[in-house]
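Trainee: Encoded as structure tokens, here's the structure I'll be asking about.
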Amino acid sequence: MIIFIFATLIMERRVRVRFAPSPTGPLHIGGVRTALYNYLFAKKNNGDFLIRIEDTDQTRYVPGAENYIIESLKWLGITANEGVGFGDGEHAPYRQSERKPMYKQYAMQLLESGHAYYAFDTAEELDAMRERLKASNVDSKYDAITRMAMKNSITLPADEVQRRIESGEPYVIRIKLPKKEDIKFHDEIRGWVNINTAQMDDKVLYKSDGMPTYHLANVVDDYLMKITHVIRGEEWLPSAPLHVLLYRYLGWEEVMPKFAHLPLLLKPEGNGKLSKRDGDRLGFPVFPLEWKDPFTNEISSGYRESGYLPEAVINLLAFLGWNPGTTQEIFTKDELINAFSLERVSKSGAKFDLNKAKWFNHQYIKHTTNAALAEALNKELTNKGLIFSTEYVEKVCGLIKEKINFIKELWEVGNYFFIDPVSFDEGVIAKRWNDKSPLVIQDIIQLVRSHSDFSAGSFETDYNEALQKNGVTNKEFLQLLRVCLSGVAGGPPIFEMAELFGKEITLKRLQLALDTIRK
RNA sequence: GGUCCGUUGGUCAAUCGGUUAAGACGCUUCCCUUUCACGGAAGAAUGAGGGGUUCGAUUCCCCUACGGACUACCA
């Protein structure tokens, strides 16, 4: 036994981390980042990454949330070795609701070793206690002092406790904290953290519905699943000492995982934790995928539907709270895995910056193949009943991808490649359109018609000839030509654009402009 | 209120006692260009405040201020 303990102490344990969301709604990007850091850490250390669903609160169950979480992770390529959605490993099941029978014995163990006790207080009695303490300006905690005035197995005679339990009276099991003891633990990101038990309270470990609370379940499961590092949000920092105590009282301290509490993701404006409502109010999604609330039918936008590329989301999320210490900013997933370390995670919260997010997405769109972009654009075209050859759509994408930040802008920016303009940029018309303009256009049309071939080169030649004939300069007319062809003031090189349109469309557009633009 | 965590330009941030305090996004100006975008050049903009420690503090310590998290039979 001693040898075994010694061996586990000196032996490097295989790194195992977990992402353990609660299926109470859509996964927030802060949660996605937590999952990502866990994933990167696991891969970097040749370890395992697993998904565990923490659904111990049956009252907060939201249909579809679990699926949503898994689908989000899959969309982003954050894949797990084991767990819900990724196939069971040797520690199945991975849903705490399905592990329900496993927890009670540990609560009993704590009861027997005197580190926990039964409590029979009703909700009303607890409220009354809190009111009373608050009135006398004392912290309202269920602690070493207040527990002496409550109904529990410490204050009640043993036979009455027995009687109450046997008669089926509801009870909870609470941890029994020492009155005054410093709990010190090392956080991988923050260093040593010290909290005195006088500041904590006797948290419920086992609920009256027969389910463990997060605190017990999380410790038991992490132990059973051989988790080596708990990487989670900063909101858990205050309860970490409770977890440390649980490991200690359960006799697992020598295999207790290391803790790393991640800084929070903050709202872009003002202060506070990024929350559900901020996104759509501020123009960016807080959820990876679009989510429709099953109760209210309210829709929250998602990164995927907003035209973000998963690789870009991974990259920008990785940089919200971590940086490699070099000036490189664009990282593939493999590069991130290689560069990632907990030491370089920052301590302070990071504000989400929409501009930077756009920039990241832009970088990835620029480097996405025309074929991949064309596939996305084609979907939209099909929805609109527009049929074009893949080759054409790909060429369009190649011409406009430099100009867009989001996939959905392929259509917004490039729609004139597929439909005739419905209006012509008024600014350019007002500035450049004059009596000579129709004459030039007519000449261009005639010259183009007179040749059988049509290319960027031939079109430019014809255009220049028409200009010369009418005594108009390139500067005066070129942008007008663009507007006649596309309706808008900006875009790719004009003659290349026209070549892509083809002779028929080019002529048709010129005629359309001639017929439409009047001054 | 209490406890804990945090604080470098508008935002993300480097610096692990000695630097002209990087870089990126955004912004401004200029160049390139028919235009938009790209690209290139330049610029404005930062150590919350106060005490220490030290030959020397952005960096270490303390206090204050500010911000955040937590404070449920929720996770």
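Reminder that position 361 of the first sequence reads as 648 in our numbering, one-by-one numbering, no gaps. Beta carbons: idealized from backbone N, C-alpha and C, even for Gly.
Taking the C-alpha atoms as reference points, what is the distance between residue 747 and residue 692?
Mentor: Their Cα atoms are separated by approximately 30 Å.
Trainee: Quick check: the Cα distance between residue 302 and residue 580, rounded to an integer number of angstroms?
Mentor: The alpha-carbon atoms of residue 302 and residue 580 are separated by roughly 37 Å.
Trainee: Can you give the Cα-Cα distance for residue 356 and residue 686, rounded to whole angstroms?
Mentor: The alpha-carbon atoms of residue 356 and residue 686 are separated by roughly 36 Å.
Trainee: Please look up how many angstroms separate the CB atoms of residue 503 and residue 390, rounded, as I've assumed it's under 8 Å.
Mentor: Indeed they touch by this definition, with Cβ atoms about 6 Å apart.
Trainee: When the Cβ atoms of the segment 729 to 749 are set against those of the segment 789 to 806, are three or more pairs found closer than 8 Å?
Mentor: They touch, by the three-pair rule.
Trainee: Can you find the residues in the same chain that come closer than 8 Å, C-beta to C-beta, to residue 641, ignoring five residues on each side of it along the sequence?
Mentor: Closer than 8 Å at Cβ, skipping near neighbours: 555, 569, 570 and 571.
Trainee: To the nearest angstrom, how far is it from the Cα of residue 533 to the Cα of residue 469?
Mentor: Their Cα atoms are separated by approximately 14 Å.
Trainee: Quick one: grab the DSSP three-state call for residue 539.
Mentor: Reduced to three states, the DSSP call for residue 539 is coil.
Trainee: Pick helix, strand or coil for residue 281, following the three-state DSSP scheme.
Mentor: Absent from the model: residue 281. The displayed extent of the chain is 288 to 806, so no value can be given.
Trainee: So, is residue 484 buried or exposed, given that buried needs 16 or more other C-beta atoms within 10 angstroms?
Mentor: Buried.
Trainee: Use the C-beta contact count for residue 614: other C-beta atoms within 10 angstroms, 16 or more gives buried, fewer gives exposed.
Mentor: It is exposed - the Cβ of residue 614 has fewer than 16 other Cβ atoms within 10 Å.
Trainee: Residues in the same chain with beta-carbon distance under 6 Å from residue 787, minus the five sequence neighbours each way, listed in chain order, please.
Mentor: Excluding residues within five positions, the ones whose Cβ falls inside 6 Å are 682.
Trainee: Can you give me the C-alpha to C-alpha distance between residue 629 and residue 418, rounded to a whole angstrom?
Mentor: Approximately 43 Å between the Cα atoms of the pair.
Trainee: Quick one: give me the first and last residue of the alpha helix (DSSP H) that residue 749 is part of.
Mentor: Segment 743 to 757, the alpha helix (DSSP H) holding residue 749.
Trainee: Please go through the same chain and pick out, in chain order, the residues whose beta-carbon is closer than 8 Å to the beta-carbon of residue 736, but skip the five residues on each side of it.
Mentor: 794, listed in sequence order.
Trainee: State the DSSP-derived secondary structure class of residue 499, mapped to helix, strand or coil.
Mentor: DSSP places residue 499 in strand when its eight states are reduced to three.
Trainee: Is it true that the CB of residue 501 sits closer than 8 Å to the CB of residue 341?
Mentor: In this structure, residue 501 lies closer than 8 Å to residue 341 by Cβ.
Trainee: Have a look at the DSSP bridge pairing and note the partners of residue 439.
Mentor: Paired residues: 406.
Trainee: So what's residue 720 in DSSP terms, helix, strand or just coil?
Mentor: Three-state DSSP puts residue 720 in coil, outside helix and strand.
Trainee: How do the segment 484 to 494 and the segment 319 to 338 stand: do at least 3 beta-carbon pairs fall below 8 Å, yes or no?
Mentor: Counting Cβ pairs under 8 Å, fewer than three are found: no touch.
Trainee: Starting from residue 387, trace the alpha helix (DSSP H) in both directions and tell me its first and last residue.
Mentor: Taken as a continuous stretch (DSSP letters only), the alpha helix (DSSP H) holding residue 387 covers 387 to 399.
Trainee: For residue 435, count the other beta carbons within 10 Å of its own beta carbon; 16 or more makes it buried, fewer makes it exposed. Which is it?
Mentor: Looking at its Cβ environment, which holds fewer than 16 other Cβ atoms inside 10 Å, residue 435 is exposed.
Trainee: Considering Cα atoms alone, identify which of 416, 446, 308 and 684 is closest to residue 433.
Mentor: Of 416, 446, 308 and 684, the residue nearest in Cα terms is 416.
Trainee: Output yes or no for whether 8 Å exceeds the beta carbon distance between residue 725 and residue 801.
Mentor: Cβ atoms of residue 725 and residue 801: closer than 8 Å.
Trainee: Would the beta-carbon of residue 574 fall within 8 Å of that of residue 587?
Mentor: Going by C-beta atoms, residue 574 is nearer than 8 Å to residue 587.
Trainee: Can the beta-carbon of residue 716 be found less than 8 Å from the beta-carbon of residue 632?
Mentor: It is not a contact, given that the beta carbons lie outside the stated cut-off.
Trainee: Assuming residue 548 contacts residue 621 under a Cβ cut-off of 8 Å, what Cβ separation, rounded to an integer in Å, is found between them?
Mentor: Contact doesn't hold; Cβ gap of about 27 Å is too wide.
Trainee: Is residue 693 a contact residue of the ligand SAH, with contact defined as CB to any heavy atom under 7 Å?
Mentor: As presented, the structure is devoid of all ligands, the ligand SAH included, so that no description of it is given.
Trainee: Quick one: what's residue 805 bridged to in DSSP?
Mentor: DSSP output for residue 805 lists no bridge partner at all.
Trainee: Exposed or buried, residue 350, counting other C-beta atoms within 10 Å across all chains shown (16 or more means buried)?
Mentor: It is exposed - the Cβ of residue 350 has fewer than 16 other Cβ atoms within 10 Å.
Trainee: Which residue comes first and which comes last in the alpha helix (DSSP H) that contains residue 679?
Mentor: Where residue 679 is concerned, the enclosing alpha helix (DSSP H) stretches over 677 to 687.
Trainee: Measure the alpha-carbon distance for residue 648 versus residue 610 and round it to whole angstroms.
Mentor: Looking at the two C-alpha atoms, the distance is approximately 18 Å.
Trainee: Specify whether the segment 324 to 337 and the segment 509 to 526 touch according to this definition: at least 3 beta carbon pairs, one from each stretch, less than 8 Å apart.
Mentor: The segment 324 to 337 is in contact with the segment 509 to 526.
Trainee: In its own chain, which residues sit with a C-beta less than 6 Å from the C-beta of residue 598, not counting the 5 before and 5 after it?
Mentor: Once the five neighbours on either side are set aside, the close Cβ partners of residue 598 are 651.
Trainee: Do you know offhand how far residue 288's Cα is from residue 601's?
Mentor: Residue confidence is low: residue 288 scores 44 on pLDDT, short of 50, so the model does not pin down where it sits. No coordinate-derived value is stated.
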